[in-house]
Every structure is written in C-alpha cells, then in structure tokens.
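Notes to accompany the following structure.
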Amino acid sequence: MDTARALSANLASLLRREHSALGAFLVALADFDRRRAWMTLGHASLFAYLHRELRLSKAAAQYRKVAAELIQEVPAVGDALGEGRLCLTSIVEAARVVTAQNWETVLPRFFGLSRREAMEVVAELQPHPAPPTRTIVSPVRTAPSEVAAGPAFARPALPLEVGPAGNCTPGSSSELTDREVNTSARTHRPAEVVPLTADLRRFHLTVSDRFLEKLQAARDALAHARPGATEEELLEAGLDLLLEEAAKRKGLVAKPRKTPRPAKADHIPAHVKRAVMERDGGRCQFRLPSGEICGSTHQLEFDHIEPVALGGASTVDNVRIACRRHNIISARRVFGDGWMDRYAPGKAALPAETG
Ligand SMILES: [Zn+2]
C-alpha cells in the first residue's frame, strides 16, 4: 500500500511537470508566432514550422498552432494549460468561442473537459443554424477472407481534412461514435442517402484510396479558381463536365469559340510551363532551412527565380513551381516588406493557412 502511494505520488509529480512544460512551450510558441519568426526561418506558416522543423505530426502541430494563437489573444489560456486545468485537445473547441472580451466567464467552462464535452459547451454557446454538412472518411473493415492476411480491427476514423484527433479522456479517444465507423465488409453496397431536411441529404459512399487521391488532386488543381471548395462542389463540378461532354457528343452544345488573349510581360509560354511542371514534379521547389524542398501541392504558381521586374526571363531555367505562400515569401525577400506592402498590397498578404 505504501509503495503504491509512493508510486502514485511520483506519477502525480511527473504529470504536473508535463503540464508545466506544455504550458511553457505554448507560451514560448505564442511569442514565436507573434514575431513571425517562422517566416524569418523560411517556413510558409506556423503549422509548417511545427510539422517540418519540429517534426510534430500534423494533428499535434494543428493543436499547438491553435493554442499558440489563442494564447496571443487570451494570455490566461497559457496559465490554464500549464496548471493542467485546460486540456490541449479541448483548446480547438474553446478557440471557437473564447475571446479577449468573454474569457473570464467562458474559459472556465472548458476546465477539465474532454474534447467531446468541450464540443457540447460550444454547441450550447454557439448552436448550429443548420444541420452540419460534413465529410467523414472512415476505413472499411476487411472481409473475413482477408483477416489472415492483415489486421481486422477498424482503425480510428479521421476527417478528410487534416485536423486534430484525439481526446483527453481515455476510452473516448475517437471523435466519432461507433455508429459512424463503417464496420461492414468490403463489398460494393449502393450509396446510402439519408434525408436531413427538405432539401438536404446525407450521402454515404464507399470509395477507394485512388478516388480520394483524385479528389485531393482536383482540390489542389482548383485551389485558385475555387478556393475552399467543398467535396460536394468539387464532385458537382466534375458531374457538370461529364454532362456537358455527353451533351456535346449528341451535338447539343456548340464548341466554344477561341478568343486570343494579349501576352503580358510575365507571360510564360505553355511549353515552358509544361517543362517546368514536369521537371519540378508538380511540387513547390522552395528550399527550407533544413535543405529539403517544401514539396507542397497546394495553390501552386509559376515563380520567376530572377523576377521579371529585374529582367528575369520566362525560360525553363528561370521558372520554378512554388506554392502561393512561398511565392510571396520569395518576393518579399527580393523586394523587401516595405516595397511589397506599398506597391503590391494585393499580393503582399499571405493567404489564409489551410494546413
Ligand atoms: Zn511551398
């Protein structure tokens, strides 16, 4: 009994140190973000810094990014984390409703809560005006014949968007209920449609990894034209193309007339674009301090290494692929923050981080 008490006291002491270290880390991270030190180090965002430089998983990086941002607005959040009253996973929920104005009354409502419980508090403070529309991608349990070849348990389901997962309280480690985790055998069932309201339906569909890869590729390809498009919008756009093509085959739609467009000073010929895209493998080529390239496939642009304004040519050697954020960071390095803010305000602001 005495030994058990001593062991427990040791665990409690270690746990206090864990909370205290986490609080100190996040307060320092908030200061790091306030100074935009990640940008000085060549990273596209605080999230990218945490993931690429500190090697945190995407979920772990996302939690810490949200916490660091909230601490900048409400410093008391740092104390609550350091004292173990606030759990890192419930921060993401608290950040939806806690503000510099209301924190004294609202923040304590999240003390000691798991993420699931924190979601309930948010729902109470900020009810959904309409039924939630969401995309959940959950692995399908393997068929009995495949059990011998691999594990048969269902992995925890993850949202399609990269987001935090996990929970403070053991036993409720997944965000999703059992009902939402599809445990049926891998057979092709017809898509399931559940009515939600007069004109909203929930659509369950079993798809392959290949399908999800194509969906992500479509999202990346349309990041400029349709930023933040939902899965429904992407799929509907694809269906529109199919229907249009079918109508054309039947001669229902005339071919659109081509109108020549004047070339701009920074125009990059199609053959150069093709060669650059092939050489760079469709990935951002910005070099990080660690020596590796960024490699992002999101919001890609053709970046003149020697800028056009400084006489750079639109040749394969002088053009590379860069993500939008790194294109802007490169321009800021060449022209300076002052010039960019004054003469290119539209291009100067970093676009919202999408993780
Ligand atoms: Zn990049």
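Each residue of the sequence shown is one higher than the one before, starting from 739 at the first, in this note's numbering.
Positions of the beta carbon are idealized from the N, C-alpha and C atoms, including for glycine.
Please report how far the alpha carbon of residue i lies from the alpha carbon of residue j, in whole angstroms.
i     : j     : result
W1077 : R1071 : 10 Å
R793  : R987  : 51 Å
G1074 : M1015 : 28 Å
P1045 : R1017 : 20 Å
E862  : G1029 : 47 Å
V860  : N748  : 35 Å
A797  : K952  : 23 Å
A903  : A1069 : Residue placement at A903 is flagged as unreliable, the pLDDT there being 38, under the threshold of 50; a coordinate-derived value is accordingly withheld.
R924  : S946  : Model confidence at R924 stands at a pLDDT of 41, short of 50, so the residue's coordinates are unreliable and nothing is read from them.
I829  : M777  : 24 Å
F770  : A984  : 54 Å
R790  : I1066 : 19 Å
A775  : L745  : 42 Å
S795  : H962  : 27 Å
I1043 : A1013 : 15 Å
M739  : E756  : 26 Å
E858  : T843  : 17 Å
A1079 : G1050 : Reading off the sequence shown, one finds Asp at residue 1079, where the question assumed Ala. In a straight line, the C-alpha of D1079 is about 22 Å away from that of G1050.
Cα-Cα, which of the options is closest to residue i?
i     : options                   : result
A806  : A766, T843, T778, S946    : A766
V875  : E969, A985, S1028, A775   : E969
G820  : R773, A762, H1005, L977   : A762
Q810  : L824, R773, R823, A798    : R773
C1061 : K796, A786, A833, L979    : A786
G822  : F849, A832, V812          : F849
L943  : P877, P1007, H757, E983   : P877
L950  : A832, M777, T873          : T873
L824  : R754, A1013, I1043, L1048 : R754
L764  : Y801, A750, S795          : Y801
H1005 : D978, L977, A1047, A742   : A1047
D817  : S758, R847, A1008, L784   : S758
Sort out for me which residues DSSP pairs residue i with in a bridge.
i     : result
L1038 : C1061
V1010 : For V1010, which the question treats as bridged, DSSP gives no partner whatsoever.
I1031 : R1025
Closest Cβ-Cβ distance between residue i and chain D: below 7 Å?
i     : result
F1040 : Of the protein chains in this structure there is only one, and it is not chain D.
Once you ignore the five residues that flank residue i on each side, which residues in its own chain have a CB closer than 7 Å to its CB?
i     : result
V1010 : S1052, T1053, V1054, V1057
G909  : Its pLDDT being 37, under 50, G909 is placed unreliably in this model, and the value from its coordinates should be taken loosely. So no residue of the chain qualifies.
P1027 : L779, G780
A838  : E811, V812
A967  : R957, L960
P841  : As written in the sequence, residue 841 is Trp, which differs from the Pro given in the question. Once the five neighbours on either side are set aside, the close Cβ partners of W841 are V812, A814.
V804  : I829, V830, A833
L788  : L794, A799, R802, K803
If you drop the 5 nearest sequence neighbours on each side, which residues of the same chain put their C-beta closer than 6 Å to that of residue i?
i    : result
L845 : V836
L808 : V815, A833
Q864 : V835
A768 : A806, I809, Q810
Who are the near neighbours of residue i in its chain, counting only those whose CB is closer than 8 Å to its CB and skipping five residues on each side?
i     : result
H1064 : A782, C1022, F1024, C1032, S1034, D1041
G1020 : T1035, L1038, I1059
L680  : Past the edges of the chain, shown from 739 to 1093, lies residue 680, and the structure says nothing about it.
P1007 : S1052
*Using 8 Å as the Cβ pair cut-off and three pairs as the minimum, do the region 949-956 and the region 965-981 touch?*
Per the Cβ contact rule, the region 949-956 is in contact with the region 965-981 (3 or more Cβ pairs under 8 Å).
*What residues sit near ligand 3, counting only those whose C-beta is closer than 7 Å to one of its heavy atoms, in chain order?*
In the structure on display, ligand 3 does not appear, and the ligands it does have are ligand 1.
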